[in-house]
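Protein chains in written order, with my numbering: chain A, 624 to 730; chain B, 624 to 730.
Glycine residues also receive a C-beta, built at the ideal position from the N, C-alpha and C atoms.
Predicted model only: the values in this text are computed from it and were never measured.
See below for the structure under consideration.
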DNA sequence: GCGTAGTACTACGTCCCGTAGAGGGAGGGA
DNA sequence: TCCCTCCCTCTACGGGACGTAGTACTACGC
C-alpha cells in the first residue's frame with residue numbers, strides 16, 4: 624500500500640494509476656487507497672481542476688523515524704530500549720548514528 | 624494485549640488471570656491470548672504439572688529494539704532514516720544513545 | 001466415581017486493509 | 001442541447017488479526 628507511494632516523487636493524481644499499471648488495479652482502487660492514506664494523514668492533497676493532486680505529508684525518512692519513536696514510546700524504560708537498539712544496529716549504521724549525534728551536538 | 628504481559632516479571636500461568644483481575648476477563652480469554660502470543664513467538668511456555676508456565680521470549684527492550692529495526696527495514700535509505708531518528712530524539716535520549724554507542728566502540 | 005482446575009478447540013463481533021462497483025458532477029464534442 | 005467521458009465520492013465485500021468467550025476433554029484429589 625505504502626510501497627506504491629513511498630519511493631515516488633513529489634505529487635500526482637491518477638497518474639499513480641498509470642505508474643503502477645503493472646499491478647492492474649481498478650482506478651477506483653487506487654483512489655480509495657490514496658483517499659484512505661490521506662485520511663490517515665500520510666498524504667496531503669490539493670485540488671487541481673476536478674482532480675486531486677496527492678503529496679506525501681512527510682518524507683519517507685521522517686515517517687520511518689516517527690515509527691521508530693512510536694515503538695520507543697511503547698516501553699517504560701526508553702533508555703534501556705535505546706541502548707538495546709544501539710547494540711543491535713550494524714557497525715556501519717552505528718557509525719551513521721554516531722555521526723548524526725555528533726553533528727547534533729555541535730549545533 | 625501485550626500490555627498485560629509487558630511489565631510483568633518472569634513467568635506465570637493462569638496467575639496472569641489473577642494479576643489482571645481488574646479487567647474481569649474470562650479465564651479462557653486470558654489463556655487464548657497467552658496462547659496466541661506464544662504462537663506468534665512473543666512468549667515461550669513450559670509445562671508445569673498440567674498447567675503451562677509462560678515467559679516472554681525476549682525482554683521488552685529487545686522487543687522494542689526489534690520493532691525499531693523493523694521500521695528501519697522499511698526504508699530504502701537506512702542512513703537517512705537513522706540520521707532523521709537521531710535528530711528526532713530528545714537531548715537526554717541522544718545522550719543515552721551516544722553513551723551506548725561509545726561503549727559499543729570500546730569493545 | 002465425582003468435582004474441580006486447567007487445557008485445547010471453536011466461535012463471534014469488530015476493525016483494518018486490499019480490492020472494487022455504482023452513482024454523481026463537470027467539461028467537451030456532435 | 002444532449003450525450004459521453006473523466007474523475008470523484010460513497011458503499012461494499014472477502015480476508016485476516018484481535019479481543020472476548022463458550023464448550024468439550026483430561027487429570028488430580030477426595
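- In summary, the residues of the stretch 698-727 of chain B whose CB is separated from some CB of chain A by less than 7 Å are 698, 699, 700, 701, 702, 703, 704, 705, 706, 707, 708, 709, 710, 711, 716, 717, 719, 720, 721, 723, 724 and 727, in the order they occur in the chain.
- A Cβ of chain A is located within less than 8 Å of the beta carbon of residue 687 of chain B.
- Exclusion of the five residues before and after residue 704 of chain B leaves 695 and 698 as the residues of its chain whose Cβ lies within less than 7 Å of its Cβ.
- Note that the C-beta distance between residue 724 of chain A and residue 727 of chain B is not below 8 Å.
- Ranking B/629, B/630 and B/652 by CA distance to the CA of residue 640 of chain B puts B/652 first.
- Interface criterion not met: the Cβ of residue 644 of chain B is under 8 Å from no Cβ in chain A.
- Boundaries of the beta strand (DSSP E) harbouring residue 668 of chain A: 666-671, taken from the DSSP string.
- Residue 644 of chain A has its alpha-carbon roughly 43 Å from the corresponding atom of residue 680 of chain B.
- Rounded to the nearest angstrom, the gap between the Cα atoms of residue 678 of chain B and residue 656 of chain B is 13 Å.
- Burial of residue 707 of chain B is indicated by the presence of at least 16 other C-beta atoms within 10 angstroms of its C-beta.
- In the DSSP assignment, residue 679 of chain B forms a beta bridge with B/666.
- The bridge partners DSSP lists for residue 674 of chain A are A/671.
- Taken atom to atom, the span from the alpha-carbon of residue 665 of chain B to that of residue 662 of chain A is near 32 Å.
- Boundaries of the alpha helix (DSSP H) harbouring residue 625 of chain B: 625-629, taken from the DSSP string.
- Excluding the 5 residues flanking it on each side, residue 637 of chain A has same chain C-beta neighbours closer than 8 Å at 650, 653, 654 and 674, in chain order.
- In the DSSP assignment, residue 702 of chain B falls within the unbroken alpha helix (DSSP H) covering 701-711.
- Rounded to the nearest whole angstrom, the CA to CA distance from residue 628 of chain B to residue 711 of chain B is 29 Å.
- Per DSSP, the unbroken alpha helix (DSSP H) holding residue 717 of chain B starts and ends at 714-729.
- Pairing residue 671 of chain B with residue 716 of chain A, the inter-Cα distance amounts to about 43 Å.
- Taking residue 683 of chain B as the centre and dropping the five residues before and after it, the same chain places the C-beta of 629 closer than 7 Å to its C-beta, in chain order.
- Taking the C-beta atoms as reference points, residue 676 of chain A is found nearer than 8 Å to residue 634 of chain A.
- Setting aside the 5 residues that flank it on each side, residue 667 of chain A is surrounded in the same chain by 678 and 680, each with a C-beta closer than 6 Å to its C-beta; the list follows chain order.
- The Cβ neighbour count for residue 624 of chain B, taken over all protein chains shown within 10 Å, is under 16; the residue is labelled exposed.
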